[in-house]
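Residue numbers (this note's numbering): 26 to 191.
Even glycine gets a Cβ: it sits at the ideal position worked out from N, Cα and C.
Structure follows, in structure tokens:
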């Protein structure tokens with residue numbers, strides 16, 4: 026039986042593999058690079074399973090001072106991620122073209138598409154084939170299921186900034 030940490034590592038490997046495929050497909054439009062932290066916002070929360078993973082994998086970082094409020098607490102003075110190898114799920118898909126579905130007030134299923142404004146170049150999103158997008162939903166459900174098993178149904182989220190020792 027895999028531990029929660031092992032399950033999360035396997036999950037991250039799947040996420041990273043899919044993200045790499047999409048990065049390759051979208052290489053002409055993606056401008057993400059080290060030091061670009063426009064998507065690294067303050068106020069991001071993660072499930073406890075991810076918070077505990079960060080605590081286990083990056084204890085020395087948590088003893089340091091967090092980045093000043095306004096950007097992610099894990100950025101350093103050069104806007105580089107101090108926990109990049111251990112970053113949470115949400116950070117692994119930043120910058121990619123996203124698509125998701127919601128039901129409108131009439132009960133019709135509607136597709137939405139979005140991307141970081143810095144990457145909103147070239148072909149408009151509405152004209153791109155579905156294969157160019159990260160579909161929001163399936164991986165999030167897998168992570169939520171992992172959290173439920175990890176904490177016996179409790180779905181508590183932790184503010185990333187709160188992981189730092191006070």
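**Message:** Tell me the DSSP secondary structure of residue 188 in three-state form.
**Reply:** If you number the chain shown from 1, residue 188 lands on position 163. In the structure shown, residue 188 sits in a helix (DSSP, three-state: H, G or I).
**Message:** Please return the same chain residues whose Cβ sits closer than 8 Å to the Cβ of residue 17, not counting the five positions on each side in sequence.
**Reply:** The chain is shown from 26 up to 191; residue 17 falls before or after that span and cannot be answered.
**Nearest-angstrom Cα separation, counted from residue 156 out to residue 128** = By one-based count along the chain shown, residue 128 stands at place 103. By one-based count along the chain shown, residue 156 stands at place 131. The alpha-carbon atoms of residue 128 and residue 156 are separated by roughly 22 Å.
**C-beta contact flag for residue 190 and residue 180 at 8 Å** = Within the chain shown, numbered from 1, the residue matching residue 190 stands at position 165. Within the chain shown, numbered from 1, the residue matching residue 180 stands at position 155. Going by C-beta atoms, residue 190 is not nearer than 8 Å to residue 180.
**Message:** Can you tell me whether residue 181 is helix, strand or coil according to DSSP?
**Reply:** Start at 1 with the first residue of the chain shown, and residue 181 comes out as number 156. Looking at residue 181 - three-state DSSP - the assignment turns out to be coil, as it is neither helix nor strand.
**Message:** Taking the beta strand (DSSP E) that residue 70 belongs to, which residues open and close that run?
**Reply:** Within the chain shown, residue 70 is the residue found at index 45, counting from 1. If you look at residue 70, you'll find it in the beta strand (DSSP E) that goes 70-72.
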